[in-house]
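*Asks:* Protein chains in written order, with the UniProt record's numbering: chain A, 1 to 406; chain B, 1 to 295.
One structure, pasted below without further comment.
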């Protein structure tokens, strides 16, 4: 195939136009509000990060389609944390210094959030994250009250596990934790809450990530003869552990966090293995109107159901809540917006589920954004206070038997 | 923008210290050290823990160098018996062991929760461009001192001996020199540099956790010295500079060229680095600043 000069020139022109285009776009958007999306696209958070980022963008598009917040369009500048604090620090510096973003949304692992929050504090802008580490709620990390957590802390999860254990009448719980801040946070939170109730944990094991087999860890736990095993685990390791446990034939119940015990797990193992497992998750408001809107956006962007990625629902809520606060403040001036964040989420306000709805209702008075990930209700530390659902896996279906309020 | 550039410069200087250490070990002496990040981690944790106990940074950073150097001692003894690839495997194992020890010894290192709130250098200067430039200045002085020391080493009799170890250890022994002593010294010196780099890293990022000290860090340093030119001090400097320029510069590429998502960019970035390494090995095995007087 020969390329003629005309074709060649044509492609050069097209290429030049491609490079020049954003300059034109930018010239139009001089008055935009820039928001940084700092999600874990690669690294340990990779399975979630891409969906999280796309939902921030999708939520921003929904805001723009409704005429923008405080009359201004939102522009998202995205960066990758690589689930690595060093890369995240550089990315955050770039977002703050070069792109001049007004807020950073979507950091995932606690390590990344703890490394980024000093920077956002210095810049005086909010950091909205889905990390579990309790240290993020209090000074020094959250000295300025600019950190907002859209995920239940690991400690809260642990407390929910203990409540369920008590309710189900278990006497001899053991724990298994994936060796990272989140996994250990879950089981230690459980042990603390359980001991406070006067209970005893018969065995606790911490295991290393990425192993082909967890048989020895499992045997150690089963040797203590527990009646229930509480885990702080992820889906890959949970799949292996449950398969190996089923082969032993020893009867025991399981309480597993919802991000590990999900429909994918049932699919991987079959109904028989997972029968009776209790999956605990922050009630992600799945019945809510906001969740439906989010789910639709997620299906469109990722081709999967929105329940697959709880963190994407959180980032969706981050963007929507922030935009509502900007709308309520009537300005993108950050201190004013931060002051409004709790107002648009006010318990006695009118319930709204989308930005467009909230924008209308704000003209009339107070609103309460009921999120897709939870009902939000940011507390004094900037943490959401979700309720937890105890889902029993029965015949491959997740049946929510009751809700635990902490 | 200035503060962002300063941040890149600081990280680049930290990596430069790491590559100088590796240049000494591999480039000059031929010790294939795949566990460089282990010493980096030891330095970071030493200085972080000491400074949190109230030790001034002026003492904790040298302490990091000393601890990392001492940790290299047993590895040095092993290096006497193992050559080439075997030594590489042992060092890789060593760095993973360091990471697992840090993960497990919670009473000391807080395990996977990491150590937050490590004091910054120049805490008295309020955060902002001033403090950044001050940190950069100190790092620049340390790096220049390291470069100067390296150049002196290369020009000294010591330098000739270690290069001889790399080129032909048997011949050196036949001449009545004892390679063991030199290898241990080189390992300790290189690891001490990595320890200093770790200390600066800890005080700059202010939060350390075992996940930061994965073998990828070692291999970034390897990439830098391979691109720059193995066995040349200038190669370590140029290679690190180029690697950082590329890794960070690719962020801006995406701002200019639309239609490349962050996911694609991440894969692209690693792909291009891999391609560069292949091309360098084929067409310019000596690296950019390589020594062309030989072969």
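Heads up, the beta-carbon is just placed ideally off N, CA and C, and yes, glycines get one too.
1) Counting only Cβ pairs nearer than 7 Å, list the residues of chain B close to residue 42/A.
2) Would you call the CB atoms of residue 36/A and residue 101/A closer than 7 Å?
3) Check the Cβ of residue 119/B against every Cβ in chain A and list those closer than 9 Å, keeping chain order.
4) May I ask you to verify whether the stretch 389-397 of chain A touches the stretch 184-196 of chain B, counting CB pairs closer than 8 Å and requiring at least 3?
5) Straight-line CA distance for residue 162/A to residue 399/A?
6) With a cut-off of 7 Å, does the C-beta of residue 101/B fall near any C-beta of chain A?
7) Tell me whether the stretch 369-385 of chain A and the stretch 136-152 of chain A touch, counting them as touching only if at least three CB pairs, one residue from each stretch, are closer than 8 Å.
8) Figure out for me which residue from 171/B, 280/B and 269/B has the closest Cα to the Cα of residue 225/B.
9) List the residues of chain A whose Cβ lies closer than 8 Å to the Cβ of residue 212/B, in chain order.
10) Pairs of beta-carbons, one from the stretch 201-211 of chain B and one from the stretch 108-116 of chain B, closer than 8 Å: are there three or more?
11) Check whether the Cβ atoms of residue 205/A and residue 217/A lie closer than 7 Å to each other.
12) Does chain B have any CB closer than 7 Å to the CB of residue 410/A?
13) Considering residue 76/A, what are the terminal residues of the beta strand (DSSP E) in which it resides?
14) Should residue 355/A go down as buried or exposed, given a rule of 16 or more other Cβ atoms within 10 Å for buried?
15) What would DSSP say about residue 386/A, mapped onto helix, strand or coil?
16) With a cut-off of 7 Å, does the C-beta of residue 20/A fall near any C-beta of chain B?
17) Do we get a CB-CB distance below 7 Å when we pair residue 140/A with the residues of chain B?
18) Is DSSP giving residue 214/B helix, strand or coil here?
19) Compare the C-beta of residue 62/B against all C-beta atoms of chain A and say whether one is closer than 7 Å.
20) So that I know if they touch, is there some Cβ in chain A lying closer than 7 Å to that of residue 113/B?
21) Got a sec: is the Cβ-Cβ distance from residue 146/A to anything in chain B below 7 Å?
22) Measuring CB to CB, does residue 323/A end up less than 7 Å from residue 373/A?
23) Buried or exposed: which applies to residue 129/B, given that a residue is buried once 16 or more other Cβ atoms fall within 10 Å of its Cβ?
24) Taking residue 11/B as the query, report the chain A residues whose CB atoms sit under 9 Å from its CB, ordered along the chain.
25) Indicate the three-state DSSP secondary structure (helix, strand or coil) for residue 287/B in the structure shown.
26) Comparing the C-beta of residue 94/B with each C-beta of chain A, is any distance below 7 Å?
27) Just to make sure I have the definition right: I need the residues of chain B whose C-beta is within less than 8 Å of the C-beta of residue 115/A. Which are they?
28) Taking the alpha helix (DSSP H) that residue 238/A belongs to, which residues open and close that run?
29) Can residue 104/A and residue 127/A be called in contact, C-beta distance under 7 Å?
30) Using 7 Å as the limit for Cβ to Cβ distance, is residue 410/A near chain B?
31) Going by CA-CA distance only, name the one from 141/B, 45/B, 288/B and 153/B that's closest to residue 101/B.
32) Tell me whether residue 282/B is buried or exposed, calling it buried when 16 or more other Cβ atoms sit within 10 Å of its Cβ.
33) Can you name the residues that DSSP bridges to residue 204/A?
34) Per DSSP, which residues does residue 350/A bridge with? Please list them.
35) Can you tell me which residues form a DSSP beta bridge with residue 392/A?
36) Helix, strand or coil: which one does DSSP assign to residue 253/A?
*Replies:* Short version:
1) Along the first chain, one-based indexing puts residue 42/A at 42. What residue 42/A touches in chain B: 266.
2) Residue mapping note: residue 36/A aligns to position 36 of the first chain, counting from 1. Residue mapping note: residue 101/A aligns to position 101 of the first chain, counting from 1. Yes, they are a contact pair.
3) Start at 1 with the first residue of the second chain, and residue 119/B comes out as number 119. Here the premise fails: no neighbours, minimum Cβ distance about 11 Å.
4) no
5) By 1-based counting over the first chain, the position of residue 162/A is 162. By 1-based counting over the first chain, the position of residue 399/A is 399. Near 19 Å, if we compare the C-alpha coordinates of residue 399/A and residue 162/A.
6) By one-based count along the second chain, residue 101/B stands at place 101. Not one chain A Cβ lies under 7 Å of residue 101/B.
7) yes
8) For this step, residue 225/B is matched to residue 225 along the second chain. Of all alpha-carbon atoms in 171/B, 280/B and 269/B, the one lying nearest the alpha-carbon of residue 225/B is that of 280/B.
9) Position 212 of the second chain holds residue 212/B. Result: 84, 85, 86 and 111.
10) yes
11) The residue labelled residue 205/A in the question sits at position 205 within the first chain. The residue labelled residue 217/A in the question sits at position 217 within the first chain. With respect to the 7 Å criterion, residue 205/A and residue 217/A are classified as neighbours on the basis of their beta carbons.
12) Missing from the structure shown is residue 410/A; chain A here goes from 1 to 406 and no further.
13) On the first chain, position 76 is the one that residue 76/A refers to. For residue 76/A, the enclosing beta strand (DSSP E) begins and ends at 74-80.
14) As a working mapping, residue 355/A is identified with position 355 in the first chain. Buried, since its Cβ has 16 or more Cβ neighbours within 10 Å.
15) To locate residue 386/A, count along the first chain from 1; it is residue 386. The answer is coil: DSSP assigns residue 386/A none of H, G, I, E or B.
16) For this step, residue 20/A is matched to residue 20 along the first chain. Confidence at residue 20/A is low in this model, with a pLDDT of 43, below 50, so its placement is unreliable and the value that follows should be read with caution. It does not; no Cβ of chain B falls within 7 Å.
17) In the first chain, counting from the first residue as 1, residue 140/A sits at position 140. Yes, residue 140/A lies at the interface with chain B (some Cβ there is under 7 Å from its Cβ).
18) In the second chain, the residue the question calls residue 214/B occupies position 214. Correct three-state label for residue 214/B: coil.
19) In the second chain, counting from the first residue as 1, residue 62/B sits at position 62. No, no contact with chain A.
20) Taking the first residue of the second chain as position 1, residue 113/B is located at position 113. Cβ-Cβ to chain A under 7 Å: yes for residue 113/B.
21) The residue you call residue 146/A lines up with position 146 of the first chain. No, residue 146/A does not count as interfacial toward chain B.
22) The count along the first chain starts at 1 and reaches residue 323/A at position 323. The count along the first chain starts at 1 and reaches residue 373/A at position 373. Against a cut-off of 7 Å, the Cβ pair of residue 373/A and residue 323/A comes out as no contact.
23) Here residue 129/B corresponds to residue number 129 of the second chain, with the count starting at 1. The residue in question, residue 129/B, is exposed, as its Cβ has fewer than 16 Cβ neighbours within 10 Å.
24) Start at 1 with the first residue of the second chain, and residue 11/B comes out as number 11. Correct list: 86, 89 and 90.
25) Taking the second chain and counting its residues from 1, one reaches residue 287/B at position 287. In the structure shown, residue 287/B sits in coil (DSSP, three-state: anything other than H, G, I, E or B).
26) Along the second chain, one-based indexing puts residue 94/B at 94. By this cut-off, residue 94/B is not an interface position.
27) Position 115 of the first chain, counted from the first residue, corresponds to residue 115/A. Ordered by position in chain B, the residues that pass the 8 Å Cβ test against residue 115/A are 205, 206 and 207.
28) For this step, residue 238/A is matched to residue 238 along the first chain. Boundaries of the alpha helix (DSSP H) around residue 238/A: 235-248.
29) Sequence index remark: in the first chain, residue 104/A carries index 104 (1-based). Sequence index remark: in the first chain, residue 127/A carries index 127 (1-based). In terms of Cβ geometry, residue 104/A and residue 127/A form a close pair [threshold 7 Å].
30) This structure leaves residue 410/A out entirely; chain A is present only between 1 and 406.
31) As a position in the second chain, residue 101/B is number 101, starting the count at 1. Selected option, being the one with the closest Cα: 45/B.
32) Mapped onto the second chain, residue 282/B falls at position 282. With fewer than 16 Cβ atoms within 10 Å of its Cβ, residue 282/B is classed as exposed.
33) Working through the first chain from its first residue, we reach residue 204/A at position 204. Beta-bridge annotation (DSSP): residue 204/A is paired with 175/A.
34) Locating residue 350/A in the first chain gives position 350, counting from the first residue. Beta-bridge pairing links residue 350/A to 367/A.
35) Indexing the first chain from 1 puts residue 392/A at position 392. In the DSSP output, where bridge partners are listed per residue, residue 392/A has 278/A and 399/A.
36) As a first step, residue 253/A is located in the first chain; it is residue number 253 there, counting from the start. Here residue 253/A sits in strand by DSSP.
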